[in-house]
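Accompanying notes for the structure given below.
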Amino acid sequence: SFVFCPLVCLFKTTCSHVASGNVVQFGLMISCVQPGVNPLKYDNYGCWCGFGGRGTPRDQVDKCCQVHDYCYRQSKQIRGCISYTSTRALMVAPVQIGNYSLTDSTVSPATNNRCQAAVCECDREAAYCFAKATYNPGNKNLNRKVC
């Protein structure tokens, strides 16, 4: 059964998200994979999560953000995949509306077009990467001078 979840995905139902904001979309993706986790915990984490990104990732969570940033950059190479620069590098994404579905804890892109599918895949991989990585509270709000 299809359930529209505007803020979070609950249980193991099928959720579809259509959100106009890429920050919202990525947050929903994280919430789908990790119910009960506030996606903002990954903002301003390490050297790569949040505004800007540089240096060597501090841990696996930070590496997830680095890979996510590079994935978005790669998606911009797709013809017609227009992007903008956000003040939060973690959230930089092509300005597209993407659809996400969650079925039995598996997130997959709804095939709308190559750009949306690429961005969805970037978000999907990062969300699962976060779920597998160990979160270190000491890397939250890290002084970027150490990067």
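Under mature numbering (1 follows the signal peptide of the UniProt record, and there is no 0), the letters of the sequence shown match residues -21 to -1, 1 to 126, in that order.
All C-beta atoms in this analysis are idealised placements derived from N, C-alpha and C, irrespective of residue type, glycine included.
No experiment lies behind these values; they were computed from the predicted model shown.
Put Lys119 into one of helix, strand or coil per three-state DSSP. Here DSSP, grouped into helix, strand and coil, assigns Lys119 to strand.
Quick one: give me the first and last residue of the alpha helix (DSSP H) that Phe109 is part of. Taken as a continuous stretch (DSSP letters only), the alpha helix (DSSP H) holding Phe109 covers Arg93 to Lys111.
Buried or exposed: Gln56, going by 16 or more other Cβ atoms within 10 Å of its Cβ? Exposed.
According to DSSP, simplified to helix, strand and coil, what is Cys126? In this structure, Cys126 counts as coil in the three-state DSSP scheme.
On a CA-only basis, which of Cys26, Asn115 and Ala106 is nearest Gly6? Give me that one, please. Taking the Cα of Gly6 as reference, the smallest distance to any Cα among Cys26, Asn115 and Ala106 is reached at Ala106.
Count the C-beta pairs between the stretch 21 to 37 and the stretch 91 to 99 that are closer than 8 angstroms, then say yes if the count reaches three, no if not. They do not touch, by the three-pair rule.
Just checking Gly15 against the ligand MG - is the residue's beta carbon closer than 7 angstroms to any of the ligand's heavy atoms? As for the ligand MG, it is missing from this structure, which has no ligand bound.
May I have the straight-line CA-CA distance separating Val12 from Ala110, to the nearest angstrom? Taking the straight line from one Cα to the other gives about 7 angstroms.
Near Leu126, which residues of its chain fall below 7 angstroms by C-beta distance, leaving aside the five closest residues on each side in sequence? Rather than Leu, the amino acid found at residue 126 in this sequence is Cys. Answer for Cys126: Cys26, Arg33 and Gly34, listed in chain order.
Look up residue 133 in the DSSP assignment and say whether it is helix, strand or coil. Only positions -21 to 126 of the chain appear in the structure, and residue 133 is not among them; the question remains open.
When we look at the beta-carbon of Arg37 and count the other beta-carbons within 10 Å, is it buried (16 or more) or exposed? Around the CB of Arg37, 16 or more other CB atoms lie within 10 Å, so the residue is classed as buried.
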